[in-house]
Amino acid sequence: MRSWIVRSACVMLVLSCCCDSYAGQSAGLLAVHPDGELLACSNRDSGTVTIVKLPDFRKTQEVPVGLHPEGVCWIPGTTLLACCVYGDDQVVLIDSASGRIVKRVEVFDEPYGIVSDHQGKSLYATLEYPGQVIRIDVERGEVNAVWDVGQFLRGIAITDDDQLLYVTEYLTARLLQVSTSHGQLIQAWDAASTDNLARQVVLSPDQKTAYLPHIRSRITAAHGNGSIFPYVSAIQVDAERSSDDPLAGRVRVPMDSLLGARVTANPWDVDVTPDGKRLYVVFSGTNEMYVCRVLADGYRELEFEAGIELGSNPRAVRVDPSGKFVYVYNALDFSVCEIAVGDRRILRTLQVTENPLSDEVLLGKQLFYVALPPMSSRRWISCSSCHPDGDADGRTWQQPEGLRQTQPLAGLKHTHPLHWSADRDEVQDFEHTIQGLLMQGRGLLNGRPNDALGEPLAGKSRALDALAAYTNSH
Numbered sequence: 152m153r154s155w156i157v158r159s160a161c162v163m164l165v166l167s168c169c170c171d172s173y174a175g176q177s178a179g180l181l182a183v184h185p186d187g188e189l190l191a192c193s194n195r196d197s198g199t200v201t202i203v204k205l206p207d208f209r210k211t212q213e214v215p216v217g218l219h220p221e222g223v224c225w226i227p228g229t230t231l232l233a234c235c236v237y238g239d240d241q242v243v244l245i246d247s248a249s250g251r252i253v254k255r256v257e258v259f260d261e262p263y264g265i266v267s268d269h270q271g272k273s274l275y276a277t278l279e280y281p282g283q284v285i286r287i288d289v290e291r292g293e294v295n296a297v298w299d300v301g302q303f304l305r306g307i308a309i310t311d312d313d314q315l316l317y318v319t320e321y322l323t324a325r326l327l328q329v330s331t332s333h334g335q336l337i338q339a340w341d342a343a344s345t346d347n348l349a350r351q352v353v354l355s356p357d358q359k360t361a362y363l364p365h366i367r368s369r370i371t372a373a374h375g376n377g378s379i380f381p382y383v384s385a386i387q388v389d390a391e392r393s394s395d396d397p398l399a400g401r402v403r404v405p406m407d408s409l410l411g412a413r414v415t416a417n418p419w420d421v422d423v424t425p426d427g428k429r430l431y432v433v434f435s436g437t438n439e440m441y442v443c444r445v446l447a448d449g450y451r452e453l454e455f456e457a458g459i460e461l462g463s464n465p466r467a468v469r470v471d472p473s474g475k476f477v478y479v480y481n482a483l484d485f486s487v488c489e490i491a492v493g494d495r496r497i498l499r500t501l502q503v504t505e506n507p508l509s510d511e512v513l514l515g516k517q518l519f520y521v522a523l524p525p526m527s528s529r530r531w532i533s534c535s536s537c538h539p540d541g542d543a544d545g546r547t548w549q550q551p552e553g554l555r556q557t558q559p560l561a562g563l564k565h566t567h568p569l570h571w572s573a574d575r576d577e578v579q580d581f582e583h584t585i586q587g588l589l590m591q592g593r594g595l596l597n598g599r600p601n602d603a604l605g606e607p608l609a610g611k612s613r614a615l616d617a618l619a620a621y622t623n624s625h
């Protein structure tokens, strides 16, 4: 059982790592090694993990791992890293020096986020379904504990002393505090009933605050001005709490009012500088990043400092241990960019994987995720605000024609007509949604579309056909 890691150690370049210089880990699609010399990036569409040498900013390995990889983390003291392969129900351990997978650990279902303790002995991963946290013995390469702690778990972070995990419930944006020794749920911070899609969590360097990017989904609003809002919650995890207020200690920061009335969409990930003075938030719907000053005042919490335009569909952000550079993963450009913390310039961009999609499906996916013209004029909402990665948002919306529960897009092309009300007989009919009150976009057609159940719209717009091709690809 132990021989695989012994053999791997013979070919690994072992790196030294002091616990006192290593901040608490948080799960994400990007991970910087504690020594700052390696960067790992999981590529969901390609099914690979890319290793980048720093400071050279040079791709050294791209390792095929399986279907839809998500969270990655480094195992301190080694060149091993772990990756959650969401679609194959596995956690893989990779030797980044050789590019070899040294172990595949089978898990029950849907691993998403993963972190390591500071000694590199244990990994902790979230299983979105059935809402479990698992512990993996690194040396033996096997699961040695399974804990039922919540529902639809995704984000995970570990404290500097390795005693506590902070875990997010994806569909409710609740934050859970879990013991690493026995998996007990110690306490939970509730969210507003409208909070939704909290896929990541990071801790401040002093371990006093947890930051969660998420959205607010108002199911009673079928209008683009009031249905979806971008938020970051700052939760004081060390503060005393009043039992009379379930939201005590939680400040919900609306990101669409941080800079006047400038609207952003779909916050996907956040990270904090090592000195705790700045928070970076990437918005996958408006292709930008906010640099925020951390106030830590228990009231406003964050203040806008600067905005940076990014590539297509940014999904991850990580600050390097030196605090000098920020790395952002632009998922639909298949690239990582390096940004200077000081003057906020984009210094370099690196292609981390080739586009595995057809040109048509890629265009459709870019349109699906963006909340900019021509898809939306108000910037609040994109198709992916309710259907990220073709999944459901766990909501039942109150529409003019009745209640509509968000469904996953899997098998959509085989289930026409669409919607419970059967008011769409082809995916191209969603041009009505794009031009309608919800998205208020210019649209992908010239002029107004035909009636939804009338003459087909297929073939009338390259962009609209591309959107249909991506939507039908699930």
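The sequence shown maps to residues 152 to 625 in my numbering.
Using N, Cα and C, we set each Cβ at its ideal position, and we do this for glycine too.
As DSSP reads the structure, V388 sits in no beta bridge. Check the Cα spacing between P220 and each of K204, V421, D239, E582: the tightest is with D239. Beta-carbon to beta-carbon, A339 and R325 are separated by about 6 angstroms, close enough to satisfy the 8 angstroms threshold. Straight across, the Cα-Cα distance linking G187 with T622 is about 39 angstroms.
Nearest to N295 by alpha-carbon distance, out of F303, N347, D312, K272, is K272.
In the structure shown, D602 adopts coil according to DSSP, grouped into three states. With respect to the C-alpha of L446, the residue from K428, V433, M440 having the closest C-alpha is K428. The count of Cβ pairs closer than 8 angstroms, one atom from the segment 544-553 and one from the segment 440-459, stays below three, leaving the stretches out of contact. When T557, G217, G375 are compared, the shortest CA-CA separation from H538 is found for T557.
Y321 counts as buried, since at least 16 other C-beta atoms from the protein chains shown sit within 10 angstroms of its C-beta.
Pairing V383 with W419, the inter-Cα distance amounts to about 10 angstroms.
If you ignore the 5 residues before and after D484, its C-beta comes within less than 7 angstroms of the C-beta of G462, S463, all in its own chain and listed in chain order. Within the segment 239-308, the complete beta strand (DSSP E) segments of 3 residues or longer fall at 241-246, 251-257, 262-267, 273-278, 283-288, 293-299, listed in chain order. Apart from sequence neighbours up to five positions away, the residues of its chain that approach T371 with a beta-carbon distance below 6 angstroms are Q549, ordered along the chain. The beta carbon of G594 lies closer than 7 angstroms to those of P525, E582, I585, Q586 in the same chain, with the five residues before and after it left out. Straight-line measurement puts the Cα of P551 at about 17 angstroms from the Cα of S368. In this structure, A399 lies away from Y362, with their beta-carbon atoms at least 7 angstroms apart. The C-alpha of F380 lies about 32 angstroms from the C-alpha of S509.
Under the three-state reduction of DSSP output, H583 falls in the helix class. In the three-state reduction of the DSSP assignment, M406 falls in the helix class. In this structure, the beta-carbon distance from L498 to V487 does not fall below 7 angstroms. By the criterion of a C-beta distance shorter than 7 angstroms, Y480 is surrounded in its chain by L180, L181, C192, P465, R466, A467, V487, once the five residues flanking it on both sides are discounted. Per DSSP, Q556 is one residue of the beta strand (DSSP E) stretching across 553-556. Counting only runs that start and end inside the segment 505-593, the alpha helix (DSSP H) elements of at least 4 residues fall at 510-520, 582-586. With respect to the C-alpha of P227, the residue from H184, V243, V203 having the closest C-alpha is H184. Restricting attention to T211, T345, L596, the CA atom closest to the CA of T323 is found in T345. Counting other Cβ atoms within 10 Å of its Cβ, E489 reaches 16 or more and is therefore classed as buried.
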